[in-house]
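Asker: Per our numbering, residue 63 is the first one in the sequence shown, and the count goes up by one each step. Each residue gets a CB set at the ideal place from its N, CA and C atoms; glycine is no exception. The model shown is predicted, which means the values in this text are computed figures rather than measured ones. Sharing a structure, written as structure tokens. Questions coming.
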Amino acid sequence: VVFDTMVHPRELPLLRALLGVLHVPGLGLAAVRPTGLRLMLRLGSSRRRVLDADALAAYRDPYASGEARRALLRALVSPRFGEFDEIIAGLDKLSTTPTLIAWADHDLVLPRSEMRRILRALPHARSTTIERAGHFLQEDQPEAVAVTIANFLDVTRPMIVQEEAQQ
């Protein structure tokens, strides 16, 4: 199950421009501090609401130390395109794997064109749109995400069991 995932960063000029802003002295480190992370989460939500304390902590706590924040900033300002190239090159290995690709209808971070690129690489994948959700669709529409995954598993589980029995 793939939700609003970046696979082709070279083909996302708006995202690259946004990440480029993090090179501005002082702005990058501010963006990865707790207040900056909270703002990014809020901007990535279609509801523009503040997450509850537990959800916010789950996103913020891995970056509690200065060292972890600097590592996050390095990853954001210098994406390792070669690693994405490896992922893209390996997608054909998943061509027969049951796959669901779900996208939020109001994702300001990743355009639907990214979903279409992934679907071209995985032509047997199913796709769906989560309504009234932003980039953090699991936070905006947790029930819809859970139902979407459960329905996908209900459909694919019998196919997987049947394939295993035939082997």
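Count the CB pairs spanning the segment 78 to 90 and the segment 112 to 124 that are closer than 8 Å, and state whether there are at least three.
Answerer: Taking one beta carbon from each stretch, the segment 78 to 90 and the segment 112 to 124 have fewer than 3 pairs nearer than 8 Å; the two do not touch.
Asker: Tell me where the alpha helix (DSSP H) around threonine 97 begins and ends.
Answerer: 96 to 105
Asker: Can you tell me where the alpha helix (DSSP H) holding arginine 78 begins and where it ends?
Answerer: 75 to 82
Asker: For the beta strand (DSSP E) that leucine 162 lies in, which residues bound it at each end?
Answerer: 162 to 166
Asker: What's the C-alpha gap between threonine 190 and glycine 98?
Answerer: So the two alpha carbons sit approximately 31 Å from each other.
Asker: Taking one C-beta from the segment 171 to 182 and one from the segment 63 to 82 each time, how about it: are there three or more such pairs within less than 8 Å?
Answerer: yes
Asker: Can you list, in chain order, the stretches of the beta strand (DSSP E) that have 3 or more residues and sit fully within the segment 125 to 176?
Answerer: Runs found: 162 to 166.
Asker: Could you please give the first and the last residue of the uninterrupted beta strand (DSSP E) stretch that includes arginine 188?
Answerer: 188 to 192
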